[in-house]
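In this note's numbering, the protein residues as written are 46 to 191. Glycine is no exception: its CB is placed at the ideal position from the N, C-alpha and C atoms. So the structure is just underneath, and the comments pick up after that.
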Amino acid sequence: MRTDDVLEELLRSAAGLSRWASRHADLELPWAQARVLSLIEELGPARVTALAAADDTSQPTMTCQLQRLEAQGLAARTPDPADGRASLVSLTDAGHEALAGARRARTAALRPVLEDVGADPQRLHAVASLLTELVEAARRRGDPAA
């Protein structure tokens with residue numbers, strides 16, 4: 046199998062597994078909102094434009110998502126010290142807790158699937174390590190939200 050074919054399979058499989066976990070997890074908030082919380086966590090306090098770019102979405106769409114998160118007390122805006130006209134979005138303590146809960150719920154949804162395939166912890170760790178290395182290499186190429 047060619048390397049490109051393996052990479053395509055890896056991308057399809059990772060995306061499919063992520064979608065499945067989101068659909069089958071007992072989430073307290075929509076995964077789209079949890080994904081935005083995750084972006085904020087990864088980028089640290091960030092402008093709306095940076096979050097929209099990292100999520101590959103429009104600024105108005107990101108603004109709408111952030112307004113929902115702010116209304117729920119999961120995210121907060123503070124003035125950008127570098128530019129008083131702009132604001133930075135960060136997670137609140139409740140936002141950190143909600144994100145952790147969403148991650149736990151997705152993990153719990155995948156546990157039975159892991160048992161179905163009989164993957165031992167060493168094999169699972171090897172796959173996770175390789176995926177982490179790939180993400181870190183992608184980030185070094187200039188996309189901190191990868």
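- Within the region 127-191, the complete beta strand (DSSP E) runs of at least 3 residues fall at 128-136.
- In the DSSP annotation of this structure, the continuous segment of the alpha helix (DSSP H) that includes D49 starts and ends at T48 to H69.
- For R80, there is no enclosing beta strand (DSSP E); the enclosing alpha helix (DSSP H) has its first and last residue at W76 to L88.
- For R122, the uninterrupted beta strand (DSSP E) run begins and ends at A120 to D125, by DSSP.
- Counting the other CB atoms within 10 Å of its CB gives M107 a total of 16 or more, which places it among the buried residues.
- The continuous alpha helix (DSSP H) containing E115 extends over residues Q104 to A116.
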